[in-house]
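I have placed the structure first, in the form of structure tokens, so that the comments after it can refer back to it.
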Amino acid sequence: MFLLDTDICSEAVMGNERVLERLGALDRDAWAISSLVYAELQFGLDKGKLAPRSHTALDKFLRAAPLVPFDRGAAREAALVRFELEGQGRPSGAVDQLIAGHARYLRATLVTGNTSHFQWVKGLALENWREPGVAGG
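In UniProt numbering, the protein residues as written are 1 to 137.
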């Protein structure tokens with residue numbers, strides 16, 4: 001399974017051809033977004049700083065995207081991610097830690113253009129669909 005990070009969802013909404021091609025090649029049950037990513041994207045809508053066309057496209061994407069709830073198991077894994085990163089002296093953003101934990105708990109590949117935000121998370125598979133032929137961090 002592929003779990004899409006916030007930036008990749010934004011790229012899809014904005015029409016990034018590479019991202020749309022990758023999504024289009026997958027079965028509907030092969031990808032999803034975390035409820036955390038949903039919250040970040042919804043916040044962007046609520047801020048009201050998007051052009052009307054982008055607002056409509058993002059709203060449509062959010063209604064269509066398969067959603068995986070952030071549950072107790074994901075929360076536990078996110079706590080472990082935070083513990084591991086702090087132990088390495090590599091603290092990161094709280095939301096990134098939560099998303100990394102969610103993806104690792106699901107044993108999903110996290111798709112992000114921000115691989116540097118997640119490269120230190122052990123056991124987390126990464127792909128960057130923004131760049132041609134780039135997989136992993």
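Note that the Cβ used here is the ideal one computed from N, Cα and C, for glycine as well. Predicted, not measured: the structure shown is a model, and the values here were computed from it.
The alpha helix (DSSP H) enclosing residue i, as first and last residue numbers
{"i": "T56", "result": "P52 to A64"}
Backbone secondary structure at residue i - three-state DSSP
{"i": "A79", "result": "helix"}
{"i": "F2", "result": "strand"}
{"i": "L20", "result": "helix"}
{"i": "G68", "result": "Note on identity: in this sequence residue 68 is Val, with Gly being the wrong assignment. V68: strand per DSSP, three-state reduction."}
{"i": "G137", "result": "At G137 the pLDDT is 43, less than 50, meaning the model places this residue with poor confidence and gives no usable figure here."}
{"i": "L45", "result": "helix"}
{"i": "L85", "result": "helix"}
{"i": "E131", "result": "coil"}
Residue closest to residue i, alpha-carbon to alpha-carbon, out of the options
{"i": "G89", "options": "R104, L98 and V121", "result": "V121"}
{"i": "R82", "options": "H117, R53, L45 and F43", "result": "H117"}
{"i": "L41", "options": "G87, E11 and N16", "result": "E11"}
{"i": "A65", "options": "D27, R104 and L124", "result": "D27"}
{"i": "E84", "options": "D71, G101 and G73", "result": "G101"}
{"i": "M14", "options": "A51, D29, F2 and D46", "result": "A51"}
{"i": "L106", "options": "E127, T56 and V68", "result": "V68"}
The beta strand (DSSP E) enclosing residue i, as first and last residue numbers
{"i": "A103", "result": "Note, A103: premise wrong, no beta strand (DSSP E); alpha helix (DSSP H) at A94 to L106."}
{"i": "L110", "result": "T109 to V111"}
Counterpart residues of residue i in DSSP-defined beta bridges
{"i": "V121", "result": "For V121, which the question treats as bridged, DSSP gives no partner whatsoever."}
{"i": "S34", "result": "V68"}
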